[in-house]
Structures are given as structure tokens and as C-alpha cells.
Amino acid sequence: MRRLAIGLAALLLLCGPVPRARAEQGELRIAYQFGLLFLPLVIMDKEKLVDVAAREAGLSALKTSYIQMAGGSDMNSALLSGAIDIGSGGVPPFLIMWSRTRGNADVKGVVAMCAMPINLNTRDPNLKSIADLTDRNKIAMPAARVSIQAIMLQMAAEKAFGPQGFNRLDNLGVGLSHPMAMSMLLSGQGEIDLHFASPPYNYQELDDPRIHSILNSHDLLGNATFEVLWATRKFVEGNPLLYKVFVTAFQRAVDLINRDPGKAAEIYLRDSKEKLTVEQIVQILQDPQVEYTTTPKHIDRYSDFLHRTGQLKARPSGPDELFFPRPDAAGHSAE
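Residue numbers (the numbering used here): 1 to 335.
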């Protein structure tokens, strides 16, 4: 026995020290914006779904932080500076970030989040379509020129004014959070007279008889994915277990919304404090144009436009090039 112990000790010395698995970071920082688009992240926060998945994976000491931001430009700056780990927002800002960071930060998608309509709403009865817009009009959106609303406005302008007119309305955009923009539109106070609004704000505005819509994004893009989540290669490859925990928790949040919209609505209203009823939120969630799914759909409808207009240098071949591999068996198969 003593000879065996000596032999084992010698073998260990020859082999050198046993390498330890690299420790993953102890905090997960997730950024999101306002509205029902980000409902899965609200549910993850309030139901502690990341904490549950982390304990299941043996990460009992994980701290999770949810940071609310007004728009995608601030979010992307925070992601590249290392202030957040996972960002969320519209497909166009994500695509532009993916293209610009290839070969360095390598930002890619984590999962898709939802597809739902947004409306260009106005209180001006003389506005019937975007062809009626002039330099006197101001359109509120989360971020001028770079948000998904800004790109959809360009898509609509290309359709109305031809290929050379896609950016004709760019100077009308004003960066405002959705709650602030809705308040200004309904009150008639402030510089804006249109709001490119997402749920639930577009529905709330259209409940007011003074407000009407001149554009619905579904007419432009159908059921294409609207929002996605993204991260850097450094985070994903440096924290494979934490990445899996996040995707697991996010999928559970999406499943809860689709399984029990009433509970999802209650969670949203407790968090947002918005003056809506559970029934109103459920009605929005059950709109046929509203879909929560982690599967990306028709991303090419955005990338083709952005590439055609010179805003996207590299045109992705498909979801597998845009998204990190999922740490489960679901994959990123797209319609």
C-alpha cells in the first residue's frame, strides 16, 4: 500500500498540477427597455428565473442585475464597455452591431424574443400617410436614426418615395422613451406630433379618439422578429454555464407568457405600474400579430434592406451566422 501511495504521488508530480476549471463571473447584468416587448425579461426578474436556473446548475452565489435603458445606442455602448453582459432591442441595431464588431468584440445574438406590431400614431387629423409628412413634423422613437423604428421609417419611405428616398424622413426623428412620448402625444404638449409606438403604448394611444395610425409595421414586415438579445463572444465563451443558465431562464419566461397570459399580465402591471387592466394586457398578448418565441424569423427582411442601403457592410447568410449556438437542443432554425 505504501509503495502504491508513493507511486501515485510520483505520477502526480510528473503530470504537474491538475488545472482548475476557470471560474465564471459572479454577476449577470441584463439590459432591457420599456414595454411589452421586453416582458420575458420582466418575468425573469420578478419570478427569479435566473436564480432558479443558476441553483439547478450549481451557481448558488450568482447575483443578477436588470438595468432599464431608454434606447439601443446607450445599450450597445454599455455592452462594448463591459458595463452589461446581455443587451436587448430591435433587429436593425443588433445587425449593425454584429457587422461592426466582427473580428473584435464579435457581438452575436443569444435568442430571439418576440414579433409584434408597432404603429406610427399621430394626433394630426391632416396626416393620412407618411407621404403627408413635412419638416414641421417630429416623430418620437427610442433613438433617432438607429432604432428599429427609425429603420422601419426608412423602409416605409423607400416604398413611398423610391430607392433614393429611403432616408428622406430621417431628420424627423426625436429620441424619447415610449412612456414620455405617449404622454406628450396624448397631452398635446411638447415638440412631437407623432409617436412610433410599441405595445402597450400603441394600443393605449389608439384608444383615444383623437389619435389615429398612419403606418403599421406588420404591413411592412409581416411576422418578422422584432426584438432579440445579444452578447459579446468574450462573455459567452468565458461563461458557458452562465450563458446556459440565462437561455434556460429566458425560455421558461417565454413559456410562461404563452401558457398563462393572465399571470404574465399581472407580473407586467405590478412592475410597470401602468394604468391598464389585466384584461387589457391579456387582449394585447392574444393579438394574432403578437408572438413571443426564441426562434428568429425573417431576419433577412431587415438585413437585405440595410445592406441594400449601405448601412450594413456584411450581409449575413442566415441565423447560424448571426447567433451563438444555443446551449440546449433547440437550435436557431428560422422560417
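From the three backbone atoms N, C-alpha and C, an ideal C-beta is built for every residue, glycine too.
Close-in-space but distant-in-sequence residues of the same chain around residue i (CB under 7 Å, 5 per side omitted)
i, result
"L169", "I130, L133, L153, A157"
"K63", "G26, E27"
"A172", "Looking at the sequence provided, one finds Leu at residue 172 rather than Ala. Around L172: L133, N137, K138, I139."
"G90", "G72, S147, I148, F226, E227"
"G165", "A157, E158"
"I281", "P200, A265, Y268, L269"
Residue i burial status per 10 Å Cβ neighbour count (16 or more: buried)
i, result
"M1", "Here the model assigns M1 a pLDDT of 45, short of 50, so the residue's position is not dependable and the matter cannot be decided."
"G71", "buried"
"D45", "buried"
"A314", "exposed"
"R308", "exposed"
"D135", "exposed"
"N126", "exposed"
"N202", "buried"
"D207", "exposed"
"A23", "exposed"
"D193", "buried"
"R239", "As written in the sequence, residue 239 is Asn, which differs from the Arg given in the question. Counting Cβ neighbours within 10 Å, N239 comes out buried, since at least 16 surround it."
"P261", "buried"
"D376", "In the structure as shown, the chain begins at 1 and stops at 335. Residue 376 is therefore absent and cannot be evaluated."
"R259", "exposed"
"S60", "exposed"
"S81", "exposed"
"S65", "exposed"
"A197", "buried"
"A83", "exposed"
Where the beta strand (DSSP E) containing residue i begins and where it ends
i, result
"K108", "108–115"
"L28", "27–32"
"G175", "173–175"
"I139", "139–141"
"N76", "Taken as a continuous stretch (DSSP letters only), N76 belongs to no beta strand (DSSP E), being part of the alpha helix (DSSP H) at 72–81."
"L120", "119–122"
Distance between beta carbons of residue j and residue i, contact taken as under 8 Å
i, j, result
"V254", "T293", "7 Å"
"P180", "Q204", "Reading off the sequence shown, one finds Met at residue 180, where the question assumed Pro. Between Q204 and M180 the Cβ distance is about 14 Å, and since that is not below 8 Å, they are no contact."
"I118", "Q68", "Going by Cβ atoms, the distance from I118 to Q68 rounds to 19 Å, so no, they are not a contact pair."
"A112", "V228", "5 Å"
"N121", "H195", "5 Å"
"L79", "P200", "Incorrect: roughly 27 Å between the Cβ atoms, too far for contact."
"Y32", "S88", "5 Å"
"Q289", "M116", "6 Å"
"M141", "G162", "Contact doesn't hold; Cβ gap of about 23 Å is too wide."
Close-in-space but distant-in-sequence residues of the same chain around residue i (CB under 8 Å, 5 per side omitted)
i, result
"I257", "L39, P40, I43, A264, L285, Y292"
"Y243", "V110, A231, F235, V236, F324, P327"
"L95", "I299, Y302, S303, L306, L312, P316, L322"
"A21", "Because A21 sits at a pLDDT of 45, beneath the cut-off of 50, its placement in the model cannot be relied upon, and the following sentence gives the value as read from the coordinates. Within the same chain, A21 has no close Cβ partners at all."
"L220", "M152, M155, A156, K159"
"E266", "V278"
"R270", "K46"
"I349", "This structure cannot settle anything about residue 349, because the visible part of the chain is limited to 1 through 335."
"R276", "Residue identity differs from the one stated: residue 276 is Leu in this sequence, not Arg. Only P200, Q204, L269 meet the Cβ criterion."
Start-to-end residues for the alpha helix (DSSP H) that takes in residue i
i, result
"K63", "Looking at the DSSP string, K63 is not in any alpha helix (DSSP H); the run it does join, the beta strand (DSSP E), is 63–68."
"S99", "91–100"
"L49", "49–56"
"L36", "Careful: L36 lies outside any alpha helix (DSSP H) and carries neither H nor E."
"E321", "319–322"
6 Å Cβ shell around residue i - same chain, five flanking residues per side excluded
i, result
"V107", "M97, W98, T101, W230, T232"
"A54", "L62, V245"
"P93", "G72, V146"
"M184", "G190, I192"
"S213", "N119, N121"
Unbroken beta strand (DSSP E) runs of length 3 or more, entirely within the stretch 195–219: which are they?
212–216
Uninterrupted beta strand (DSSP E) stretches inside the stretch 222–286 (no shorter than 3 residues)
227–231
What are the complete alpha helix (DSSP H) segments, minimum 4 residues, inside the stretch 284–308?
300–308
As an exercise, report each continuous alpha helix (DSSP H) stretch of at least 4 residues that is fully enclosed by the stretch 152–188, in chain order.
178–187
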